[in-house]
Structures are given as structure tokens and as C-alpha cells.
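Numbering (our numbering), first residue to last: 414 to 763. The beta-carbon is built from N, C-alpha and C at its ideal position, and this holds for glycine as well. Quantities reported herein were computed from a predicted structural model and do not represent experimental measurements. Everything on this sheet refers to the single structure shown next.
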């Protein structure tokens, strides 16, 4: 196991950005940069042992820092996904946030955690990168100073772990995740249409315009974007034109609900028949946002064009807009508590 680093460009503010790479004994590796805590590369073997980068991204910090990357690989916070109207009430106070997505707050605002500089400390003894960030009281409108630690690990058995911790000095809301786009055929392959996906959730949040929840949880058997059994992603995407919800989203962009908050489980499995690569998503979070890259139109690593459906995101999370839905699992964090959650992406072949 080794940890190396190299320059990754400079932000518009003049900050030098560094990319860190953790490599295990078999040659599999993950790369992370200190801007945005971005997961820039994931090299994993196929069934023949050939390594390829299965994570969409860019060659340097420029596109990420422009805010036009589609949040690729970013650490998302303070609150991932959407907050209706960019406002919320908490302990008798009303807080106003940036309305950066159709009148709503998306992924923590205009300058969320994915657009911030993190401090990185390599931990070679544990095959880890420890990232820290201080989000001051009032950052993007959120209350309380939030001290955040995110630890990326890579095991010898090709498990990518992301451990999130946060503490606050004032009651606030927190919902952290990672926005990696996966393509198990390789980032340059094309689309994920031929790959197969299973999401182990019986319910999905019903949404209206702006992908804001109504509060209803729909049985997945009643929606065309049902992945309760292993399903070819393209077969679901083919239903987009006939589904009002999918037409609104441009494909799949929905939160699947397992419940069982704080209970570790395999929430999703992705499989490529072409390469044999598999990815289990293991988490203690109650939900996962499946996004099929409906809005992708980017020039990525090595000049590769990422078009629609070039990657799929499986963002473990609490349900979107939970602060406005009291019956959803709570995202409120109080000073006496610690936000502590882990997601593992377990890679294999068959």
C-alpha cells in the first residue's frame, strides 16, 4: 500500500490544489484532491485483471472549480440534495439559503463543501486520507460552526470506504454524501445503459417540479424506475418519455428509501456484464439517490466526452428535504451529538 501526491492545478482564488493517490498491493487505487474533497479517479480490475478508471472526472481542478462539473466526485454538504424554497425553520429561527436550483437550495448552496478547500492528512498506517473542514456559523446561511472530518480508505480487498463525522456548536442540519459518477466499463466507455442495477429499497420518494418531495413514499412496484431486482439500466431509461416523473428528471434522479437508519446494509449493487465488475454500496444511511447522469455534457479526462447517461451516481443519504417532512428520518444535529456515518463501495468481479 502506498500514498503519493502531485499538483492538480490552481483555483481561481490562487490556491494550489493537490491530488493524493492511495494504491493497494494489487494495483487498485483511488485519487482524491483537497479542493472539494473530490474523488477524481478509481482504478479497479475487471474479470481479467485489467485495471481501468471507472470514475468520471477531469484532468485538473479547472472544471471542478468553475462550478460546471455536475458535482463530479465532490464531497457534498452541509446538506446534500434539495431543500425546498431555500429556507427552513429550526428552534424558532428561519434560515435562508442560496437558491441555486430552480428556487431551491441544492447540495449545500452556491459554495458548498464540494467547492471548498479541505485539509488533507495522509495516514499510511491505515491506508487512508483524512480530510478536515471547518464550516463557520452562517456559512451559506446554515447555523452553527460545523467541524467536519471525512476519511477515505482503500482496503487490500478493493473496498473504498468513506467515513463522515461532524460536530456542531449550535443546532443545525447535516446530510453529507459523495457525488461520484460510476461507469464499471470505464469512464471513457460511453453510457451505463448496458449495466445492471439493483436497489434494495421498497419505497421511493414521490417528487414534484424541481424534484421536491411531496412527503409521500411510493412502493417501487408502482413506478417505472423500479430496481428492486437486478435490472438493465437502459430498460428503465427507455421508459422516460412515458413517465411524467422521469420526463421531468430526464431519466432517473430519485431517492430510494430503505429506512433502517444507522443499520448497515447493502443498499445497492451495480454490475457490468461486459467487464464483470461489480460494486456493492454498503451504508448505514436510510436512502440512496440514484442519478443516471441525465444532464451530462462535459469534456472529461483525456478529452473524453461525457454525454447523457455516461455515469450513474449512487449517493447514500437521508431523504431530500427532510427538514420539511417530519416523518422522514431527521437530519437535525445538536451540539451534544456527533454526526457519524459510513458508506463502503465494495468492488469485485464475476
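Exposure of residue 702, with buried meaning 16 or more beta-carbon neighbours within 10 Å
Position 289 of the chain shown, counting from 1, holds the residue named residue 702. Buried, since its Cβ has 16 or more Cβ neighbours within 10 Å.
Taking C-alpha atoms, which residue in 734, 590 and 473 lies nearest to residue 712?
Position 299 of the chain shown, counted from the first residue, corresponds to residue 712. Minimum Cα distance to residue 712 is reached at 473.
Between residue 384 and residue 547, which are expected to be in contact by the criterion C-beta below 8 Å, what is the C-beta distance as a whole number of angstroms?
Nothing in the structure corresponds to residue 384, since the chain is present only between 414 and 763.
Helix, strand or coil for residue 737, going by three-state DSSP, please let me know.
Numbered from 1 along the chain shown, position 324 holds the residue referred to as residue 737. Three-state result, residue 737: helix.
Checking the sheet assignment: what are the DSSP bridge partners for residue 578?
For this step, residue 578 is matched to residue 165 along the chain shown. Answer is 562 and 753.
Taking a contact to mean a Cβ-Cβ separation below 8 Å, would you say residue 628 touches residue 738 in this structure?
Indexing the chain shown from 1 puts residue 628 at position 215. Indexing the chain shown from 1 puts residue 738 at position 325. Annotated as proximal: residue 628 and residue 738, with beta-carbon spacing under 8 Å.
CB residue 415 to CB residue 431, shorter than 8 Å?
Here residue 415 refers to the residue found at position 2 of the chain shown. Here residue 431 refers to the residue found at position 18 of the chain shown. Taking 8 Å as the Cβ cut-off, residue 415 and residue 431 do not qualify as a contacting pair.
Exposure of residue 609, with buried meaning 16 or more beta-carbon neighbours within 10 Å:
The sequence position of residue 609 within the chain shown is 196, counting from 1. Buried: at least 16 other Cβ atoms inside 10 Å.
Got a sec, what are the start and stop residues for the beta strand (DSSP E) residue 681 sits in?
As a position in the chain shown, residue 681 is number 268, starting the count at 1. Where residue 681 is concerned, the enclosing beta strand (DSSP E) stretches over 678-684.
Does DSSP put residue 638 in a helix, in a strand, or in coil?
Indexing the chain shown from 1 puts residue 638 at position 225. Three-state result, residue 638: coil.
Those residues which DSSP pairs with residue 454 across a bridge
Walking along the chain shown from the start, residue 454 turns up at place 41. Paired residues: 444.
Three-state class that DSSP yields for residue 419 in the structure shown
On the chain shown, position 6 is the one that residue 419 refers to. Three-state DSSP puts residue 419 in a strand.
At 4 residues or longer, and completely inside the segment 656-733: list those alpha helix (DSSP H) runs for me, N to C.
657-662
Within a Cβ cutoff of 6 Å, which residues of the same chain sit near residue 429, ignoring the five residues on either side of it in sequence?
The residue you call residue 429 lines up with position 16 of the chain shown. 423, listed in sequence order.
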